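Residue numbers (the numbering used here): 52 to 308.
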DNA sequence: ATGGCCAATTTTATTGGA
């Protein structure tokens, strides 16, 4: 048997309802971490998931952000938000345990809208490391999944020279992400695809997807005990094609059980 | 010249995204 865990920034679950339903029916993973729901909990299209055989743990908000974990098997020990005493209304973190794996869905701040946004992003990554230190165990199977809004290395960038120093690729962001993953996490996609030149996000503008001008900012990071069970990790570019697509493609990691 | 697209909103412009 296998356990598949995917992450997908859908850029509005309501705008993407038909595409998500079709994707679940065609290639639905066991667990799906979602980001950028852009909807309050009470307006979340839960039936879309229940009809496909999933239960959902949800942390939404109006207009912006919003994360969830959908699973074919029961979700337990749901944690909403970083719960670190910081007054932060932005819905960017949810965790739950499924099939013996601690699964986390994060939507890391973009940080590109000005200096205060950038500072919030770096601080948020520091708070994420704090949550791992305080509330998780690197010795157990854990998958930290989501839209990290950081391309970890130049090989995750279509044009590193053009992106040098730009938000999503700065040394400060890469260092902040590295401090999170130094807790004890491995980039599962990288394990299977060291070659680079593979992306998970393409700008809607300028025919970027057609020209494959993207960034690999969506990732699945796993602890050692889970990484040891990884058998594959793929980006589903097909889900980015055509009309009404999200600007992100799903990333699917598969583990032996 | 630093644009182009897309989604949500007390919508016909603005904000945020990446």
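Positions of the beta carbon are idealized from the N, C-alpha and C atoms, including for glycine.
Being a predicted model, the structure only gives us computed values, none of them experimental.
Environment of residue i [buried if 16+ CB atoms lie within 10 Å]
i	result
residue 89	buried
residue 67	buried
residue 308	exposed
residue 257	exposed
residue 137	exposed
residue 302	buried
residue 125	exposed
residue 261	exposed
residue 116	buried
residue 269	buried
residue 127	exposed
residue 81	buried
residue 58	buried
residue 77	exposed
residue 108	buried
residue 290	buried
When the options are compared against residue i, the one with the closest alpha-carbon
i	options	result
residue 203	137, 132, 227	227
residue 83	60, 67, 69	60
residue 114	133, 86, 282	86
residue 177	190, 135, 141	135
residue 267	151, 238, 179, 131	238
residue 54	212, 79, 169	79
residue 274	195, 212, 56	195
residue 112	149, 158, 302	158
residue 106	116, 129, 223	129
residue 190	284, 277, 56, 292	277
residue 174	102, 116, 223	223
residue 93	156, 110, 101	110
residue 271	216, 103, 291, 156	156
residue 263	160, 127, 292	292
residue 52	70, 71, 150	150
residue 236	98, 179, 290, 108	179
residue 56	192, 69, 97	192
residue 154	100, 216, 188	188
Residues near residue i by beta carbon distance below 6 Å, same chain, minus five either side
i	result
residue 259	253
residue 162	168, 169, 172, 218
residue 306	54, 280, 281
residue 284	239, 240, 243, 304
residue 247	206
residue 250	265, 266, 267
residue 211	205
residue 75	103
residue 63	89
residue 133	144, 178, 182
residue 100	107, 121
Residues near residue i in its chain [Cβ-Cβ closer than 8 Å; skip 5 each side]
i	result
residue 140	112
residue 166	none
Contact set for residue i: own chain, Cβ-Cβ below 7 Å, skip 5 residues either direction
i	result
residue 208	202, 214, 220, 266
residue 288	300
residue 255	298
message: For the structure I just gave you, are there three or more beta carbon pairs, one from the segment 227-242 and one from the segment 181-190, closer than 8 Å?
response: With three or more CB-CB distances shorter than 8 Å, the segment 227-242 counts as touching the segment 181-190.
query: Would you call the segment 185-200 and the segment 242-250 in contact, with 3 or more CB pairs under 8 Å?
result: no
message: Is it the case that the segment 120-130 contacts the segment 140-152, given that we only count it when at least three CB pairs across the two stretches are under 8 Å?
response: The segment 140-152 vs the segment 120-130: in contact.
query: What are the start and end residues of each continuous beta strand (DSSP E) run of 3 or more residues lying completely inside the segment 115-148, in chain order?
result: 118-122, 127-131
field: Ordered list of alpha helix (DSSP H) runs contained in the segment 200-230, each at least 4 residues
entry: Entirely contained in the segment 200-230, the alpha helix (DSSP H) runs reaching 4 residues are, in chain order, 211-214.
query: Which full runs of the alpha helix (DSSP H) of 4+ residues lie inside the segment 255-282, going along the chain?
result: 275-278
Those runs of the alpha helix (DSSP H) which lie wholly inside the segment 153-192 and span at least 4 residues: Unbroken alpha helix (DSSP H) stretches of 4 residues or longer found wholly inside the segment 153-192: 166-186, given in chain order.
message: In chain order, what are the residue ranges of uninterrupted alpha helix (DSSP H) at least 4 long that sit wholly in the segment 53-117?
response: 68-78, 97-101
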